[in-house]
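Worksheet: the structure to be examined is printed underneath.
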Amino acid sequence: MWRRFVLFGLVALLTGLFGMPAAAAPIVASQTCHASADAAETYADLRRAPDRWLCSDSEYDIGPESLFLRYRLTDPAKPRAQSLVTHASPFRAITIWVVDEGGAVSMQRYSPASVHHLIDGPMMVMPLPQTPARPRLVTVRIDQPWNKTIASEARLDSEPEGSGWDMGVVVAMAVICGMLVVPLLLNFGFYLVLRRPFVLWHIVMVGLMLVETVIGTGFIHIGADPDAATEIAINSLCFGAVAAAGLMFLVTFLEPDALSPWLRRLMIGCAPLVMAGGIFTALPIEALRPWSALGIYSGISLAIVIIFIGITDAWRRGSKLVSFLMVGWSPVLLVGVYRIGSYLLPNARPTESVVIFQLALAAEVLANSLGIVIRFLELRRERDLANARATELEGVAGRDALTGLWNRHSIERRFNDLFCLGYRTMAVIDLDHFKRINDLHGHAVGDAVLKVVATTLAEDPEACAIRMGGEEFLLLLRGPGSAERAERCRRALSTRIAAAVPGLGHVVTASMGLVEHDLAGTLDVEFAVLYSHCDRLLYEAKRLGRNRTMRERLTGFAPELQLRTG
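Number 407 in numbering that gives the first Met the number 0 belongs to position 408 of the sequence shown; there are no gaps in the numbering.
This is the structure:
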């Protein structure tokens, strides 16, 4: 059932993706070309070297200082180009030249602080300089580009302020943000109940995914206006941390024997290296600019390889939980491989694949959150079974094997709780001349007598009966007339033993020492102290001739506050 549920959610997400229309106002140029140049080179220099221009959507090179884009607009039926829209990415400066149909030239230079960021997509907008006639040629110079996508995803737009995603895509991205919030809160609740590392690592993963989604979709500009460099730095750190947390989640989520020991150590050891890739990309150092993106892509590539090996090893070992990871992580891993390949392969078009990646994140959260619920239920069931077993063992260990009553060890541990519940009358009962029964009739008959005593003492619903050892028993009683009820119990022993164990030849009697302690509930007492009072009274009853009760009512521990009656 859970497989169908996850599969349905994944199909719904992907179906929604393909059903979303593209942005409404982009303009496709008749020809789009790009070329790399050194800092001292100008557009005039490149015009004299036509072989340096590449009129394909591949082989972008940000190693040199500058990157030029050239758009030819020859179709008069298309709307007039009014802005340049591209993926938000760090740069030092962007210069735009526009040549109109009459030959007039206009120029505009933008700094990172002067570009406008959209809230309906991770894009930044630069209005084209105005010309008297329609633009015929648009040339863009990007100085110190930090990412190839600033060029590969650049486009002309018919809106002066640019256009972002269609409303359907915006709504889908907002839904994904909501989908990330729900499991985040759910995991917090799980962690409060079951403090397991895998829940904490998934909290880290989902929290960072939420941050990346808010920035990567441009929603952050609804309430803030960070520049592209800050966005890329935070995104890079989030990507590296998510990948590192993913490794730790894999190690802690699967069953203990689902991974090879060496593979567990490898994952734990590689997590800091993966995080280091994100830190490398986030560093704003000009000397690292051409290789900046390689840091995060190298870290992500390492994580993808190790995760694939780990999932394969867990599946081979028969893990039941690895199915959730296979379903949840497959879209993310595939999109990650696609993004890395499109960036590193020279003949591929670099792309951020933001929408597809966010949908893959939603699929990951959907499947892994369900896996955490299943894992949580399994762990709770294991804990409940362990607690039940411990309670069972404790019950066995805390019970007297012959009579089934609690033993002395159990009552010493439970005495404070029982005392707070009102069990404030303690009586110690000892059978008179019990050794003679064993000597004359054997231990089997003696055991039968002890069982009758246990049954008789346990009949009072407001009393706890305990076998202290040998022929000595203890009663804890609460409620009105507790001392009188204990005395009736003692006297009933002779009749019950005679009826249940015939042939003894004499009446079996019992002596008792009883203390009523602080029935008003204003004093506290330890078990050993109260028991010593009862034990002293028991031996006084035996000294005075047996078959009797000696009792005290204690309202304090000072001798003058004690009232003793016999």
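Cβ coordinates follow ideal geometry from the N, Cα and C atoms, glycine included. Owing to the predicted nature of the structure, the values given are computational and were not obtained by experimental measurement.
Paired residues, beta bridge with residue i - DSSP
{"i": "P134", "result": "D99"}
{"i": "H116", "result": "M123"}
{"i": "M274", "result": "Beta-bridge pairing links M274 to no other residue."}
{"i": "C463", "result": "L475"}
{"i": "F238", "result": "According to DSSP, which records beta bridges pairwise, F238 is partnered with nothing at all."}
{"i": "L83", "result": "M125, L155"}
{"i": "V104", "result": "V98"}
{"i": "V139", "result": "L68, I95"}
{"i": "T548", "result": "M511"}
{"i": "I26", "result": "L155"}
Within 8 Å, strictly: CB atoms of residue i and residue j
{"i": "S105", "j": "T130", "result": "yes"}
{"i": "E152", "j": "H86", "result": "yes"}
{"i": "R140", "j": "T94", "result": "yes"}
{"i": "E470", "j": "L439", "result": "no"}
{"i": "L529", "j": "V514", "result": "yes"}
{"i": "T280", "j": "G294", "result": "yes"}
{"i": "V241", "j": "M204", "result": "yes"}
{"i": "L45", "j": "A38", "result": "no"}
{"i": "M274", "j": "A243", "result": "yes"}
{"i": "A257", "j": "L155", "result": "no"}
{"i": "L282", "j": "L301", "result": "no"}
{"i": "D517", "j": "L553", "result": "yes"}
{"i": "I306", "j": "W328", "result": "yes"}
{"i": "A132", "j": "G101", "result": "yes"}
Close-in-space but distant-in-sequence residues of the same chain around residue i (CB under 6 Å, 5 per side omitted)
{"i": "V331", "result": "A359, E363"}
{"i": "P126", "result": "S82, P159"}
{"i": "G276", "result": "G239, G294, I295, S297, G298"}
{"i": "C176", "result": "T212"}
{"i": "E254", "result": "S318"}
{"i": "R316", "result": "A257"}
Distance between residue j and residue i (C-alpha atoms, nearest Å)
{"i": "E551", "j": "D534", "result": "12 Å"}
{"i": "I303", "j": "R47", "result": "45 Å"}
{"i": "I221", "j": "Q143", "result": "28 Å"}
{"i": "L503", "j": "M511", "result": "22 Å"}
{"i": "T548", "j": "H532", "result": "13 Å"}
{"i": "I436", "j": "R374", "result": "59 Å"}
{"i": "L287", "j": "M172", "result": "32 Å"}
{"i": "N546", "j": "T494", "result": "13 Å"}
{"i": "V354", "j": "A361", "result": "11 Å"}
{"i": "E411", "j": "G468", "result": "14 Å"}
{"i": "S368", "j": "P182", "result": "6 Å"}
{"i": "I310", "j": "V137", "result": "50 Å"}
{"i": "N415", "j": "C237", "result": "53 Å"}
{"i": "T41", "j": "P134", "result": "21 Å"}
{"i": "A21", "j": "S235", "result": "Note that A21 has pLDDT 41, beneath the 50 cutoff, so the model's placement of it is unreliable and the number below is only indicative. Each residue's alpha carbon lies about 27 Å from the other."}
{"i": "R338", "j": "R108", "result": "31 Å"}
{"i": "V84", "j": "P345", "result": "23 Å"}
{"i": "L417", "j": "D523", "result": "12 Å"}
{"i": "K434", "j": "H442", "result": "9 Å"}
{"i": "L365", "j": "I308", "result": "22 Å"}
{"i": "A313", "j": "Q357", "result": "27 Å"}
{"i": "R542", "j": "L193", "result": "58 Å"}
N-terminal and C-terminal residue of the alpha helix (DSSP H) that residue i is part of
{"i": "S493", "result": "481-499"}
{"i": "F602", "result": "Because the chain in this structure spans residues 0 to 565, residue 602 falls outside the shown range and cannot be described."}
{"i": "F187", "result": "166-192"}
{"i": "A257", "result": "No alpha helix (DSSP H) contains A257, which DSSP labels as neither H nor E."}
{"i": "C419", "result": "407-419"}
{"i": "F509", "result": "For the record, residue 509 in the displayed sequence is Ala; it is not Phe. Counting along the chain, A509 falls outside any alpha helix (DSSP H), though it belongs to the beta strand (DSSP E) covering 509-516."}
{"i": "V451", "result": "442-456"}
{"i": "R315", "result": "291-315"}
{"i": "L324", "result": "321-343"}
{"i": "A36", "result": "Taken as a continuous stretch (DSSP letters only), A36 belongs to no alpha helix (DSSP H), being part of the beta strand (DSSP E) at 30-36."}
{"i": "L45", "result": "42-46"}
Extent of the continuous beta strand (DSSP E) to which residue i belongs
{"i": "V528", "result": "No beta strand (DSSP E) contains V528, which is instead part of the alpha helix (DSSP H) from 526-542."}
{"i": "I428", "result": "424-430"}
{"i": "Y59", "result": "From DSSP, Y59 is part of no beta strand (DSSP E); its letter is neither H nor E."}
Chain-order list of residues whose beta-carbon lies under 8 Å from that of residue i (same chain, five-residue window excluded)
{"i": "F472", "result": "L404, V427, I428, D429, V452, A453, L456, A464, I465, R466"}
{"i": "V198", "result": "N186, F189, Y190, I371, F375"}
Contacting residues, own chain, Cβ-Cβ under 7 Å from residue i (five flanking each side not counted)
{"i": "L53", "result": "C32, H33, A34"}
{"i": "P225", "result": "I219"}
{"i": "A150", "result": "H33, Y59, L66, L68, I141, P144"}
{"i": "E461", "result": "L476, R477, G478"}
{"i": "G206", "result": "L183"}
{"i": "V566", "result": "Outside the shown range of the chain, which is 0 to 565, sits residue 566, and nothing can be said about it."}
{"i": "A482", "result": "T424, L513, E515, R550"}
{"i": "A23", "result": "Note that A23 has pLDDT 44, beneath the 50 cutoff, so the model's placement of it is unreliable and no number is given."}
Proximity test, Cβ basis, 8 Å: residue i and chain D
{"i": "P121", "result": "You won't find chain D in this structure, because it holds only one protein chain."}
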